[in-house]
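2 protein chains.
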Amino acid sequence: MNALNVAEYMQTLGLQARQAAARMAAADAASRNRALRLLAGLLREQAQPLQADNARDLERAAAAGLAEPMIDRLRLTPKTIETVAQGCEQLAAMADIVGEVSGLRQQPSGIRVGQMRVPIGVFGMIFESRPNVTIEAASLSIKSGNACILRGGSEAIESNKALARLVQQALVQAGLPAEAVQLVQTTDREAVGQLIAMPQFVDVIIPRGGKGLIERISRDARVPVIKHLDGNCHTYVDDPCDIDMAVRVADNAKTQKYSPCNATEGLLVARGVAAEFLPRIGAVYAAKGVEMRCDAESAAVLAGVPAAKVQAASEQDWFEEYLAPVISVKVVADVVEAIAHINRYGSHHTDAILTRDHVHAQQFLREVDSASVMVNASTRFADGFEYGLGAEIGISTDKFHARGPVGIEGLTSLKWVVLGQGEVRS
Amino acid sequence: MNALNVAEYMQTLGLQARQAAARMAAADAASRNRALRLLAGLLREQAQPLQADNARDLERAAAAGLAEPMIDRLRLTPKTIETVAQGCEQLAAMADIVGEVSGLRQQPSGIRVGQMRVPIGVFGMIFESRPNVTIEAASLSIKSGNACILRGGSEAIESNKALARLVQQALVQAGLPAEAVQLVQTTDREAVGQLIAMPQFVDVIIPRGGKGLIERISRDARVPVIKHLDGNCHTYVDDPCDIDMAVRVADNAKTQKYSPCNATEGLLVARGVAAEFLPRIGAVYAAKGVEMRCDAESAAVLAGVPAAKVQAASEQDWFEEYLAPVISVKVVADVVEAIAHINRYGSHHTDAILTRDHVHAQQFLREVDSASVMVNASTRFADGFEYGLGAEIGISTDKFHARGPVGIEGLTSLKWVVLGQGEVRS
Chain A
1 MNALNVAEYM QTLGLQARQA AARMAAADAA SRNRALRLLA GLLREQAQPL
51 QADNARDLER AAAAGLAEPM IDRLRLTPKT IETVAQGCEQ LAAMADIVGE
101 VSGLRQQPSG IRVGQMRVPI GVFGMIFESR PNVTIEAASL SIKSGNACIL
151 RGGSEAIESN KALARLVQQA LVQAGLPAEA VQLVQTTDRE AVGQLIAMPQ
201 FVDVIIPRGG KGLIERISRD ARVPVIKHLD GNCHTYVDDP CDIDMAVRVA
251 DNAKTQKYSP CNATEGLLVA RGVAAEFLPR IGAVYAAKGV EMRCDAESAA
301 VLAGVPAAKV QAASEQDWFE EYLAPVISVK VVADVVEAIA HINRYGSHHT
351 DAILTRDHVH AQQFLREVDS ASVMVNASTR FADGFEYGLG AEIGISTDKF
401 HARGPVGIEG LTSLKWVVLG QGEVRS
Chain B
1001 MNALNVAEYM QTLGLQARQA AARMAAADAA SRNRALRLLA GLLREQAQPL
1051 QADNARDLER AAAAGLAEPM IDRLRLTPKT IETVAQGCEQ LAAMADIVGE
1101 VSGLRQQPSG IRVGQMRVPI GVFGMIFESR PNVTIEAASL SIKSGNACIL
1151 RGGSEAIESN KALARLVQQA LVQAGLPAEA VQLVQTTDRE AVGQLIAMPQ
1201 FVDVIIPRGG KGLIERISRD ARVPVIKHLD GNCHTYVDDP CDIDMAVRVA
1251 DNAKTQKYSP CNATEGLLVA RGVAAEFLPR IGAVYAAKGV EMRCDAESAA
1301 VLAGVPAAKV QAASEQDWFE EYLAPVISVK VVADVVEAIA HINRYGSHHT
1351 DAILTRDHVH AQQFLREVDS ASVMVNASTR FADGFEYGLG AEIGISTDKF
1401 HARGPVGIEG LTSLKWVVLG QGEVRS
């Protein structure tokens, strides 16, 4: 396609999505849930042909010399197919939130006023490599009564096309419009530029991928964007604190997996427990090869830990999202200094306090300005599944609209409903 | 001030607002409510000096040849001062929503997950003429634990300065930072450009005023904007319907006041009741000098009404927000056509159905894609006070974040709180 054709093509997708959105918003919950269960069935039935289409992407990736972890993220195994199928069934089993009316109360004039939860309309999703995201996004879109336009990475185009065909088949079998879930069929980059600049057809954009991609999209989008750029998450070990628990949680928060955005990147330790806590967590990190970027005070305490990889932290380290076996470490006076450090250097994603002190816990919860704030838990829990949202379409570090892990509620808005008996304004 | 000085000045206001916002978010409800009650007291005590400052604006406006309605909107009377003072007291008496935790539920991992309502941070408000908006915005900001930067119209600068002094006095007396409410003291237009482009200091912009102003701000703002451009509201008279009620409500919705954004601009009438309803509402509108822009079918019915001002409607009429004694009138087949017309030509502000049919009412509520959807009530009720929000900072026709009349809830966001007992992710 040339640029003009891409623009026309995207306008067509947009118009079709807008029309499908109106039908999805009016559809009943039973049809939407039926589409999800049909989709689960089709995924299982078509697991082999899906893997054959996926193999073409994998071969192309191997030929292009993609790194093994990248190829791994592309792969549709029987296990990943079963997982997304189960995800669809779980969503189908969840209570419906579309049309839910809350807070309906009579006002002095006699009118009753409440709020009804309704779909946002059309969302555009831009993502890379993992083809299972296609099913996750499609199923959340169907459950929430929206329409969506999905733009996956070019490396997964064959897999995504095959998955999108199954989604549309399930929609049609359930009596819903196929255009409620559309995959952008061209890998032309111009398509992204078009998708993010059609406010008449697309209500919100959800980009998932590298920071560069998300920054570009946020800058150029002409509609709201649900996004997070960084996950510079902190774990603060307070005084007083259960040190065994703190070691276990600080270990998990950093080392359970290094790449997720909710992994802890900064460890803050109250002065009163530093001498007891730091050598113990230092030994754990040393055993796992985690490098510690330390302020002078923590470095002094950690100096005695055998095999510890201790480096002096620079100012930049406090801002860093390492996504690697590296962590910044700092001794602070108290919870007040910890909160100030987090609000200054953090990315407003997820931060935890480990404490026995109720007042400190309450202050931390109230004053840390992050999407998720935790007491005595691993930052790794910041996730739509773990929060009981059924699934997660993305994570937002913005404060406007949805914040933190975004599930089906984040794909809806609340409109006002007024029920009267002929009241007039005087 | 020159442009450079204005930029520096606005950056200073921004930094001060950001710092004040952190203190406001941490302040207790008692202090915030005390500030509101102190402000009410100061407004009453200082009513005379306020009117003296206001008189300087009024003189300048008269000398500049401003139209009488404009001068009227500028005027601070004992009554408007008492009204805003009472508004502050009403807000102080309302339940506090900052820090409210909802939906706290245990998840399978053992962690308990819920959401805490917290202030957005800093909002910037841009408005024209009516100086009482200064107090409304300041009081909503204080109640919701935010900081704000207010930019009023140059014609009201003396009044606004005097009001802002009282607000800051009340804040300080309550132990809160004066910078929690700052008025832009320069009338330089460059200040607006700066205010809407400081994402590091300002989280959201709320413009109130003419459509041109709001369009410009929305286009140039680098932060989210809470706004509505048009109020092309509809009243649909369904079949079956209580005709007496329909005449009363359709009259009120159009004629109770012509200028508000929630006044009805389009009247849709089901074919089955057109012959009975139209002559009656036509006579009411004729008596009040309301011009009717009609489709052929309604024009034919209205032809027999004495003194009726009937014109043929053009396609453009269906889009029009008249804000005047003019209304578009169209006969439709049924509720389905009414919904399609409203979703196509309306501005997603406020639309009402007048009906006895329960199924039609439910369908209208569900499918009309507007911020407020009403059954058997005047569209004029779309208002923060009437909805029980205490006050209204603005009205949004967007679907993202707050929708419809925006009160203190719209100035807050929900962050996730996680309460654990040392849980780790496996």
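Line by line, the protein sequences give chains A and B.
First residue of the first sequence: 1, per our numbering; consecutive thereafter.
First residue of the second sequence: 1001, per our numbering; consecutive thereafter.
Positions of the beta carbon are idealized from the N, C-alpha and C atoms, including for glycine.
Comparing alpha carbon positions, the residue from B/Ala1047, B/Leu1036, B/Ala1307 and B/Ser1328 closest to B/Glu1297 is B/Ser1328. Put simply, of B/Ser1129, B/Gln1090 and B/Gln1086 the residue whose alpha carbon is nearest the alpha carbon of B/Pro1069 is B/Ser1129. The beta-bridge partner set that DSSP reports for A/Gly266 consists of A/His234 and A/Ser328. In the DSSP annotation of this structure, the continuous segment of the beta strand (DSSP E) that includes B/Met1292 starts and ends at Glu1291 to Cys1294. Going by DSSP, B/Ala1352 is part of the beta strand (DSSP E) stretching over Thr1350 to Leu1354. A direct Cα-to-Cα measurement between B/Leu1176 and A/Glu367 gives close to 16 Å. Taking the Cα of B/Ala1253 as reference, the smallest distance to any Cα among B/Ala1377, B/Gln1169, B/Val1359 and B/Gln1182 is reached at B/Ala1377. For B/Asp1230, the nearest beta carbon of chain A is not closer than 8 Å to its own beta carbon. The beta-carbon distance between A/Gly124 and A/Ile196, rounded to whole angstroms, is 7 Å. This is short enough to meet the 8 Å contact definition. One alpha carbon belongs to A/Ala29, the other to A/Gly110, and they sit about 32 Å apart.
A Cβ-Cβ distance of about 11 Å is found for the pair B/Thr1355 and B/Thr1235, leaving them out of contact under the 8 Å criterion.
In the DSSP assignment, B/Val1284 forms no beta bridge with any residue.
Annotation for A/Ser396: the continuous beta strand (DSSP E) segment containing it runs Gly394 to Ser396. Neighbourhood of A/Trp318 in chain B, by CB distance below 7 Å: empty, with the nearest CB roughly 17 Å away.
Given a length threshold of 4 residues, each whole run of the alpha helix (DSSP H) inside the stretch 1020 to 1094 of chain B is given here in chain order: 1029 to 1045, 1047 to 1063, 1068 to 1074 and 1078 to 1093. For B/Pro1240, the closest of B/Phe1127, B/His1360, B/Arg1037 and B/Val1172 by C-alpha to C-alpha distance is B/His1360. A/Val202 is not a Cβ neighbour of A/Asp251, given a cutoff of 8 Å.
Every unbroken stretch of the alpha helix (DSSP H) spanning 4 or more residues and falling wholly within the stretch 1186 to 1240 of chain B is given here in chain order: 1190 to 1195 and 1211 to 1220. The DSSP-derived three-state label of B/Pro1260 is coil.
Contact of A/His358 with chain B is not assigned, every C-beta pair being separated by 8 Å or more. Annotated three-state conformation of A/Phe319 is helix, per DSSP. Bounds of any beta strand (DSSP E) do not take in B/Glu1128, whose DSSP letter is neither H nor E. Comparing alpha-carbon positions, the option among A/Asp188, A/Pro260, A/Asp334 and A/Gln86 lying closest to A/Gly209 turns out to be A/Pro260. For the stretch 376 to 404 of chain A, the set of residues with a beta-carbon nearer than 7 Å to any beta-carbon of chain B comprises Asn376, Ala377, Ser378, Arg380, Phe381, Glu386, Tyr387, Gly388, Lys399, Phe400, His401, Arg403 and Gly404, in chain order.
Approximately 21 Å separates the beta-carbon atoms of B/Asn1232 and B/Gly1282; this is outside 8 Å, ruling out the contact. The secondary-structure analysis by DSSP pairs A/Glu423 across a beta bridge with B/Ala1377.
For the stretch 1026 to 1052 of chain B, the beta-carbon criterion of a distance under 7 Å to any beta-carbon of chain A is satisfied by Ala1026. B/Ser1102: not part of any alpha helix (DSSP H); member of the beta strand (DSSP E) spanning Val1101 to Gln1106, first to last residue. Excluding residues up to 5 positions away in sequence, Val269, Arg271, Ala274, Glu297 and Ser298 lie with their Cβ nearer than 6 Å to the Cβ of A/Val331 in the same chain. At least one CB of chain A lies nearer than 8 Å to the CB of B/Val1417.
Under the 10 Å beta carbon count, A/Gly65 is surrounded by fewer than 16 other beta carbons and is classified as exposed.
Within a 10 Å sphere around the beta-carbon of A/Lys211 sit fewer than 16 other beta-carbons, which makes this residue exposed. Any Cβ of chain B closer than 8 Å to the Cβ of A/Asp203 would place that residue at the interface, and such an atom is present. Beta-bridge annotation (DSSP): A/Ile120 is not paired with any residue.
In the three-state DSSP reduction, B/Pro1306 falls in the coil class, being neither helix nor strand. Under the 8 Å criterion on CB atoms, B/Met1116 is classed as interfacial with respect to chain A.
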